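Chains as they are written, first to last, in the UniProt record's numbering: chain R, 1 to 249; chain W, 1 to 249. Ideal Cβ positions, reconstructed from N, Cα and C, are used throughout, including at glycine. From a predicted model like this one, the values you see are computed outputs, not experimental measurements. A short worksheet on the structure shown next.
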């Protein structure tokens, strides 16, 4: 196993960091790695905002449900889907690009572009001995995130990423069985096989929680996820996205 | 610079592969790396379909605009946003999850989850000396992709990834200036600074194309992208996504 694969397989989210900022050189390397990711038809439909300002970090932490590691870390990145520059280019080049920009397809392109860049940043940071945690909690209130970051229209902040020197060493959480996530030549059509895979995984996760909590927590993945999904969260998203002129047409 | 960072910075898409399939062990390692990526609230809302069947590869290649490397490679992966298993879990657990699953927010979550997994797969493959190319062209006709892959409802194929032993050695394409993609503490608000960055990049890309084509091609990034965006492509996407019960509510 090479170093890169062992870095990737060793990933676990870090939620407690030493009080030590990343150097500008580290930040630059991480962003350059993000930029080296593939991008759909060379569109580069994302941007990254790094937060050093303590008050801004505090506000982003409050938005994310007061997760302390949003405030206390080595650096905090926000990854945005960004079609703003493409609208400027359209104007400049005298081309009619808005129908294209305001489509579900281009929204997907921008979200995927941003996520590919982010994961390169994550792997790069981890290869440097740093820890990371994605912060989807920013989506609790993107209006306020936009205000904090002064983003123009057609820029949708998607998630944050706290990066820093790890001050904890949590275990890895078992993932869905390989056979459940990876299918060959077509999706698994046998519902019994499919549900058996879920059951197997539920037993594994239940044992994992039980062991980690000395028997206090025993829930399965299915019950945890069904409970989470029953809560209707962030249902303002469609309105927000279309209001920001990345329309879902 | 460590090995991982040099792998990431060295990325360029490979569009010509040796006629040599990946081993099952290589495929397994790549998928396990994909699964090690972060996932929003542990939801794991994606799946991966690997294609070995020659006829299926041929059909996917035709859908993607007859890109030969979709057919001829070491292995072909399709990454899907997948909320199918979550709807089954909801039923099984007797929880009302459909409002949540059929929201723009969960669509974003599933797309991001799939993209993070894919980029881990890409970096892992490249670290093994393999080359990769993302294939967004599958989105030319997702109805047919679904038919080829027999995917159930709530599964949206997002893009493919051709992987294999490189049979070419293309150069790296310069990315947008660092200062254009990365902002500190807030988005760049000075339009002159912003447009100057684009101009600088246009000169760089123009010189890059001119050199690579011995003077035959000189277009800028702005003109290339504006021209691409003027073509209205894949405007069926919203209808497709909602029809597949990942609703954009």
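Could you give the first and the last residue of the continuous beta strand (DSSP E) run that contains residue i?
i	result
residue 184/W	182 to 184
residue 17/W	Segment: none, residue 17/W is in no beta strand (DSSP E) and carries neither H nor E.
residue 253/R	Not covered by the structure: residue 253/R. The range shown for chain R is 1 to 249.
residue 132/R	131 to 135
Any beta carbon of chain R sitting closer than 8 Å to that of residue i?
i	result
residue 190/W	no
residue 219/W	no
residue 204/W	no
residue 15/W	no
residue 103/W	yes
residue 216/W	no
residue 209/W	no
residue 175/W	yes
residue 35/W	yes
residue 2/W	yes
residue 243/W	no
residue 53/W	yes
Is the beta carbon of residue i sitting closer than 8 Å to the one on residue j?
i	j	result
residue 108/W	residue 103/R	no
residue 230/W	residue 203/R	no
residue 110/W	residue 83/W	yes
residue 248/R	residue 198/W	no
residue 87/W	residue 189/R	no
residue 168/W	residue 27/W	no
residue 185/W	residue 185/R	no
residue 63/R	residue 137/R	yes
residue 140/W	residue 90/W	no
residue 134/R	residue 161/R	yes
residue 146/R	residue 178/W	no
residue 3/W	residue 29/R	no
residue 154/W	residue 245/W	yes
residue 105/W	residue 235/R	yes
residue 37/R	residue 119/W	yes
residue 218/W	residue 211/W	no
residue 223/W	residue 93/R	yes
residue 81/W	residue 158/W	yes
residue 241/R	residue 156/R	yes
residue 216/W	residue 148/W	no
residue 113/W	residue 68/W	no
residue 44/R	residue 191/W	no
residue 100/W	residue 232/R	yes
Terminal residues of the continuous alpha helix (DSSP H) containing residue i?
i	result
residue 208/R	191 to 212
residue 118/W	104 to 127
residue 253/R	This structure cannot settle anything about residue 253/R, because the visible part of chain R is limited to 1 through 249.
residue 6/W	3 to 9
residue 146/R	142 to 149
residue 238/W	237 to 243
Between residue i and chain W, is there a C-beta pair that is closer than 8 Å?
i	result
residue 75/R	no
residue 213/R	no
residue 61/R	no
residue 22/R	no
residue 152/R	yes
residue 230/R	yes
residue 93/R	yes
residue 233/R	yes
residue 246/R	no
residue 70/R	no
residue 124/R	yes
residue 187/R	yes
residue 226/R	yes
residue 165/R	no
residue 31/R	yes
**Asked** Enumerated in chain order, which unbroken segments of the alpha helix (DSSP H) with a length of 4 residues or greater are wholly contained in the region 21 to 99 of chain W?
**Response** Every alpha helix (DSSP H) of 4 residues or more that sits fully in the region 21 to 99 of chain W is shown, in chain order, as 24 to 35, 54 to 63, 68 to 71 and 84 to 93.
**Asked** the region 130 to 144 of chain R: which residues have C-beta closer than 9 Å to a C-beta of chain B, in chain order?
**Response** Any reference to chain B falls outside this structure, whose protein chains are R and W.
**Message:** With a threshold of 8 Å, are at least 3 pairs of Cβ atoms found where one atom belongs to the region 74 to 81 of chain W and the other to the region 167 to 175 of chain W?
**Reply:** Verdict: no, contact absent.
**Request:** Could you say if the region 39 to 58 of chain R and the region 198 to 215 of chain R meet the contact criterion of at least three C-beta pairs nearer than 8 Å?
**Result:** The region 39 to 58 of chain R vs the region 198 to 215 of chain R: no contact.
**Prompt:** Is it a yes or a no for the region 117 to 124 of chain R touching the region 115 to 133 of chain W, going by three-plus beta-carbon pairs under 8 Å?
**Reply:** Enough Cβ pairs lie closer than 8 Å, so yes.
**Message:** Across the region 3 to 23 of chain W and the region 157 to 165 of chain W, are there enough close Cβ pairs to call them in contact, namely three or more that are closer than 8 Å?
**Reply:** With a cut-off of 8 Å, the region 157 to 165 of chain W and the region 3 to 23 of chain W count as touching, because enough Cβ pairs lie within range.
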